[in-house]
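Novice:
Protein chains: 2
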Amino acid sequence: MIIVQKYGGSSVANPDKMKAVAARIAETSKKACVVAVVSAMGDTTDELIALAKQINPMPDGREMDKLLATGEQASSALMALALQAAGNTAVSLTGGQAGIITEKVPSKARIRKIDARRIKQELDSGKIVVVAGFQGITDNVSSADITTLGRGGSDTTAVALAAALNADKCEIYTDVDGVFTADPRVEPDARKLDSISYEEMLELAGQGARVMHSRAVEVGELYGVEILVANSSKQTPGTLIKKEDANMEIRNPVRGIAHDTDIARLTIVGVPDRPGIAYKIFHGLAEANISVDVIVQNVSEAGVTDLSFTVTNADLDKTRHALGPVLKEIGAKDLVTDPNVAKISIVGSGIRSHPGYADRMFGALAEESINILSITTSEIRITCLIDKEKVKQGIRALHKAFELEKV
Amino acid sequence: MIIVQKYGGSSVANPDKMKAVAARIAETSKKACVVAVVSAMGDTTDELIALAKQINPMPDGREMDKLLATGEQASSALMALALQAAGNTAVSLTGGQAGIITEKVPSKARIRKIDARRIKQELDSGKIVVVAGFQGITDNVSSADITTLGRGGSDTTAVALAAALNADKCEIYTDVDGVFTADPRVEPDARKLDSISYEEMLELAGQGARVMHSRAVEVGELYGVEILVANSSKQTPGTLIKKEDANMEIRNPVRGIAHDTDIARLTIVGVPDRPGIAYKIFHGLAEANISVDVIVQNVSEAGVTDLSFTVTNADLDKTRHALGPVLKEIGAKDLVTDPNVAKISIVGSGIRSHPGYADRMFGALAEESINILSITTSEIRITCLIDKEKVKQGIRALHKAFELEKV
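Protein sequence lines, in the order shown, are assigned to chains R and B.
Whatever position you read off the first sequence (first residue = 1), add 1 for the numbering used here.
Whatever position you read off the second sequence (first residue = 1), add 1 for the numbering used here.
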């Protein structure tokens, strides 16, 4: 049996935590071959970014990848040392040594293939294998470039390795107990879910639930890897992310409330209502690698319309910068930004087959006098843009309206 | 023209120092292709060692190499970013990316070969190449292991790269002005040497002069690479390490005074005077990778003798441990250690052809009432073991006796 386990940065933030995680890995290794994927210790990645920005405010992607990859390389070596100190045989591998071959795209490289020969050889010789998360290499030669997989990259490393090794389990250990019906810090009645479908998890992640990054879930769905998300410092069962099954039919069609306050709304005022204008605007943003959400275009009046959308706060400056020349070109009147907005969403695969959920959602928000600024929907999600100050009130109202405290 | 420059840890200890070094490299790159080798920032290596020891007091060599190599990987990426911030095109390479292939021996791997294709390709495309010092890889595939080259490893990286690239210059920048006739902190009249032979430099380095590590000098001698040692924060000319030339004939036959206080003397008391005993003792120490110096065996009395030698203070515990079983086996009476000793040496290739230098050295020490505990010599060096407290007094006496303040 092969088990892939991933431990995040807060789980390996200092020597004592490393030793505690090593004990968990060692325990698992009594009954299975273990591949442990580790993130950089604590805030290492942020500290390296800050250091780089002191030296170069606009750092090159390739060099940043090489710099940031050192965080996981160090933590993987330290974890191997912690395992060895406790009497286990263990070996650490960088992403490159583990055979994780990626595209040649800095900061957000996708995995092209995994050459798992070295991992298998180490497992066959009875070792616990510790793999540096978040990183890969552009080719299987030592002169190739080091890449990183972007936000949540260590989760992706773990799920991709589980797929390549045909592992029996893939376990993502983090500092939360699993996936909840809503953020438990906001809604005390929020309930941990025992299982959730890939699709639902993707919608929750895309709407600001920080448990797991979308890419790892996508890889899991693609290769049919069931992913357990659980707390690294407890023995609680966690949440299993898997294919939708028949049992899901008889449960609450709404699975959870997601929210995201880390966004800003931009409104382009006075856009001439001509074909190709929207393409011009959003193509420029896509080129600049800016993710856009909740796009709303008003009904045109006298050949002129307003167009609004949201981006993450981190992307706000970059978005303004990228829009500059486009707005001039199309002759827009003004660009208005509003940082005081939040997204709130209901997610559940049952939404697609049960009509009337939008209605109930809008009603619950109206009852709390929460104004809806924009609406977007997917097959299994309804998202409203609301005032940032009302987001907690909105979460509680929706959690109650859809009876999410009940199984 | 290709110039290889190496900058040590104190020269790149923080962002400001990195930027200053980047300016120097950029200046050089106006007239030549530059390969810059960098050490880890400031005390990074020591901090990583301390962290590892908190997790595992007897850390495995392979994992330590992987951990420590992150220090140079990070500083090389940051130096590339500093060069780019100042408008240069630059790329950083790990030891593996630079094609530095080593033996598979942790912590002190020797370089087997250098595959300089990637460096040449980057230089050909007009880039400044920054190479992470101190490290290599065991093979040219991405699954190979990362190794480190041991103390002074970044110097070795620079000299070996200069040889592989057939570079026109190899410059080692450090925090001293060059090689002096004696430690200038002890002897105010100490004079910087404009040049020194490989052989003399090796004897000085072996006797505690901390300017450059022996291995790099050996590589330089082997491949005929002239090495300039100079101060990274000044524009002073430094000292050139090169082949002995005719001019060296007419200068002072003694080139410098070396000293080393970081040693301890061990005396094995009551050693049976039988063939093979010394081999048993020193073979065990060699196996444990302990360097031994100033070996003295007293005249045998009644078939029993005393044997004494020195090791570095860092190796003292390991030496005691390694000697334990051997002393039992040979039936030695006792092991006495004395940490209050120091080595003091005169070095110069002229010593070999000029008799009477030992005599003058012993006389100068006697005049200061400095007792000589042991003596060893090489062709171009005479070393005395003396009381640690008398070492400064000894340096000054010898500097004066051999008129080293004069060219």
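Backbone N, C-alpha and C define an ideal beta-carbon position, used for all residues, glycine too.
Do you know how far the Cα of Gly325/R is from the Cα of Lys334/R?
Specialist: As a working note, residue 334/R is residue 333 in the first sequence. As a working note, residue 325/R is residue 324 in the first sequence. Whole-angstrom Cα-Cα distance: 12 Å.
Novice: Alpha carbon to alpha carbon, how far is Ile120/B from Gln138/B? Give it in angstroms, no decimals.
Specialist: Translated into the one-based positions of the second sequence, residue 138/B becomes position 137. Translated into the one-based positions of the second sequence, residue 120/B becomes position 119. A small fix is needed here, since residue 138/B is Ile in this sequence, not Gln. Roughly 15 Å between the two C-alpha positions.
Novice: At a Cβ threshold of 8 Å, is Gly100/B touching chain R?
Specialist: Against the second sequence, residue 100/B aligns to sequence position 99. Yes, Gly100/B lies at the interface with chain R (some Cβ there is under 8 Å from its Cβ).
Novice: Quick check on this structure: which residue in Lys401/R, Lys407/R and Ala14/R has the alpha carbon closest to the alpha carbon of Val187/R?
Specialist: In the first sequence, residue 187/R corresponds to position 186, counting from 1. Cα-wise, what sits closest to Val187/R is Lys401/R.
Novice: With contact counted as at least three CB pairs below 8 Å, one residue from each stretch, are the segment 386-398 of chain B and the segment 208-222 of chain B in contact?
Specialist: With the cut-off at 8 Å, the segment 386-398 of chain B and the segment 208-222 of chain B do not touch.
Novice: Mapping the DSSP letters down to three states, classify Ala72/R as helix, strand or coil.
Specialist: By one-based count along the first sequence, residue 72/R stands at place 71. A quick correction: the sequence has Gly, not Ala, at residue 72/R. Residue state, collapsed to three classes: helix.
Novice: Return the residues of the segment 74-90 of chain R that lie within a Cβ-Cβ distance of less than 8 Å from chain B, sorted by chain order.
Specialist: Cβ contacts with chain B come from Gln74, Ala75, Ser77, Ala78, Leu79, Ala81, Leu82, Ala83, Gln85 and Ala86.
Novice: How many Å lie between Arg361/B and Thr95/B at the Cα?
Specialist: One-based indexing of the second sequence puts residue 361/B at position 360. One-based indexing of the second sequence puts residue 95/B at position 94. Cα-Cα distance, rounded: 50 Å.
Novice: Just to confirm before moving on: does the CB-CB distance between Leu328/R and Ile269/R stay below 8 Å?
Specialist: For the purposes of this step, residue 328/R is taken as the residue at position 327 of the first sequence. For the purposes of this step, residue 269/R is taken as the residue at position 268 of the first sequence. Taking 8 Å as the Cβ cut-off, Leu328/R and Ile269/R qualify as a contacting pair.
Novice: Helix, strand or coil: how does DSSP classify Leu57/R here?
Specialist: To locate residue 57/R, count along the first sequence from 1; it is residue 56. Before going on, a small fix: residue 57/R reads as Asn here, not Leu. The answer is coil: DSSP assigns Asn57/R none of H, G, I, E or B.
Novice: Touching or not, the segment 91-106 of chain B and the segment 123-131 of chain B, by the rule of three or more beta carbon pairs under 8 Å?
Specialist: Segments in contact, yes.
Novice: Less than 8 Å between CB atoms is the rule here; does Ala333/B satisfy it with respect to chain R?
Specialist: Walking along the second sequence from the start, residue 333/B turns up at place 332. With 8 Å as the cut-off, Ala333/B does not count as an interface residue toward chain R.
Novice: The alpha helix (DSSP H) that contains Pro410/B, what's its start and end?
Specialist: The question about residue 410/B has no answer, for chain B in this structure spans 2 to 408.
Novice: Quick check: what's the CA-CA separation for Pro273/B versus Thr338/B?
Specialist: Stepping through the second sequence from its first residue, residue 273/B is reached at position 272. Stepping through the second sequence from its first residue, residue 338/B is reached at position 337. Going by the C-alpha atoms only, they are around 19 Å apart.
Novice: I'd like to confirm the pairing. Which residues does DSSP put opposite Asn167/B in its beta bridges?
Specialist: Reading the second sequence from its first residue, position 166 is the one you call residue 167/B. Answer is none; Asn167/B lacks a bridge partner.
Novice: Going by beta carbon distance, what residues of the same chain come within less than 6 Å of Glu172/B, once the five residues before and after it are set aside?
Specialist: To locate residue 172/B, count along the second sequence from 1; it is residue 171. These residues qualify, in order along the chain: Gln6 and Leu229.
Novice: Alpha carbon to alpha carbon, how far is Ile381/B from His260/B?
Specialist: Numbered from 1 along the second sequence, position 380 holds the residue referred to as residue 381/B. Numbered from 1 along the second sequence, position 259 holds the residue referred to as residue 260/B. Going by the C-alpha atoms only, they are around 15 Å apart.
Novice: Is it the case that the segment 228-242 of chain R contacts the segment 5-25 of chain R, given that we only count it when at least three CB pairs across the two stretches are under 8 Å?
Specialist: With a cut-off of 8 Å, the segment 228-242 of chain R and the segment 5-25 of chain R count as touching, because enough Cβ pairs lie within range.
Novice: What does DSSP give as the partner residue(s) for Thr338/R in the beta ladder?
Specialist: In the first sequence, residue 338/R corresponds to position 337, counting from 1. DSSP output for Thr338/R lists Leu267/R as bridge partner(s).
Novice: Start and end of the alpha helix (DSSP H) containing Thr320/B?
Specialist: Here residue 320/B corresponds to residue number 319 of the second sequence, with the count starting at 1. It spans Leu317 to Ile331 - the alpha helix (DSSP H) in which Thr320/B sits, taken as one unbroken run.
Novice: Which residues share a DSSP beta bridge with Pro273/B?
Specialist: Residue numbering aside, residue 273/B sits at position 272 when the second sequence is read from its first letter. Paired residue(s): Val305/B.
Novice: Kindly indicate the opening and closing residues of the alpha helix (DSSP H) around Leu124/B.
Specialist: Looking up residue 124/B in the second sequence gives position 123. First-last of the alpha helix (DSSP H) with Leu124/B: Arg118 to Asp125.
Novice: Using DSSP bridges, identify the partner residues of Lys7/B.
Specialist: Against the second sequence, residue 7/B aligns to sequence position 6. In the DSSP output, where bridge partners are listed per residue, Lys7/B has Val38/B and Ile173/B.
Novice: Within 10 Å of its beta-carbon, does Pro107/B have 16 or more other beta-carbons around it, so buried, or fewer, so exposed?
Specialist: As a first step, residue 107/B is located in the second sequence; it is residue number 106 there, counting from the start. Answer is buried; the Cβ neighbour count reaches 16.
Novice: When the Cα atoms are used, what is the spatial distance from Asp61/R to Ala87/B?
Specialist: Locating residue 61/R in the first sequence gives position 60, counting from the first residue. Locating residue 87/B in the second sequence gives position 86, counting from the first residue. Taking the straight line joining both Cα atoms gives about 13 Å.
Novice: With three or more C-beta pairs closer than 8 Å as the rule, is the segment 140-160 of chain R touching the segment 109-117 of chain R?
Specialist: The segment 109-117 of chain R, when compared against the segment 140-160 of chain R, does touch it at the 8 Å Cβ threshold.
Novice: What in chain B is Cβ-close to Gln55/R, meaning under 7 Å?
Specialist: Here residue 55/R corresponds to residue number 54 of the first sequence, with the count starting at 1. In chain order: Pro16.
Novice: What is the DSSP secondary structure of Leu162/R, counted as helix, strand or coil?
Specialist: Taking the first sequence and counting its residues from 1, the one referred to as residue 162/R is at position 161. Three-state DSSP puts Leu162/R in a helix.
Novice: In chain B, which residues lie less than 8 Å from Lys32/R when you measure between Cβ atoms?
Specialist: Taking the first residue of the first sequence as position 1, residue 32/R is located at position 31. Correct list: empty, because the minimum Cβ distance to chain B is about 24 Å.
Novice: Would you verify that the beta carbon of Arg266/B is, or is not, closer than 8 Å to some beta carbon of chain R?
Specialist: The sequence position of residue 266/B within the second sequence is 265, counting from 1. With 8 Å as the cut-off, Arg266/B does not count as an interface residue toward chain R.
Novice: I want to know whether the segment 48-61 of chain R touches the segment 47-63 of chain B - three or more CB-CB distances under 8 Å.
Specialist: These segments do not touch.
Novice: What is the rounded straight-line gap between the Cα of Ile39/B and the Cα of Val142/B?
Specialist: For the purposes of this step, residue 39/B is identified with residue 38 of the second sequence, where counting begins at 1. For the purposes of this step, residue 142/B is identified with residue 141 of the second sequence, where counting begins at 1. According to the sequence shown, residue 39/B is Val rather than Ile. Cα to Cα, Val39/B sits roughly 23 Å from Val142/B.
Novice: Taking the alpha-carbon of Leu405/R as reference, which of Tyr8/R, Glu73/R and Asp184/R has the nearest alpha-carbon?
Specialist: As a working mapping, residue 405/R is identified with position 404 in the first sequence. Cα-wise, what sits closest to Leu405/R is Asp184/R.
Novice: Can you tell which of Ala14/R, Ala365/R and Ser354/R has its C-alpha closest to the C-alpha of Asp176/R?
Specialist: As a working mapping, residue 176/R is identified with position 175 in the first sequence. Out of Ala14/R, Ala365/R and Ser354/R, Ala14/R has the C-alpha closest to the C-alpha of Asp176/R.
Novice: Can you give, in chain order, each stretch of the alpha helix (DSSP H) that sits fully within the segment 185-228 of chain R and has at least 4 residues?
Specialist: Fully enclosed alpha helix (DSSP H) runs of 4 or longer: 199-207 and 215-224.
Novice: Out of Val300/R, Val35/R and Asn314/R, which has the shortest C-alpha to C-alpha gap to Ala159/R?
Specialist: Sequence index remark: in the first sequence, residue 159/R carries index 158 (1-based). Closest by alpha carbon: Val35/R.
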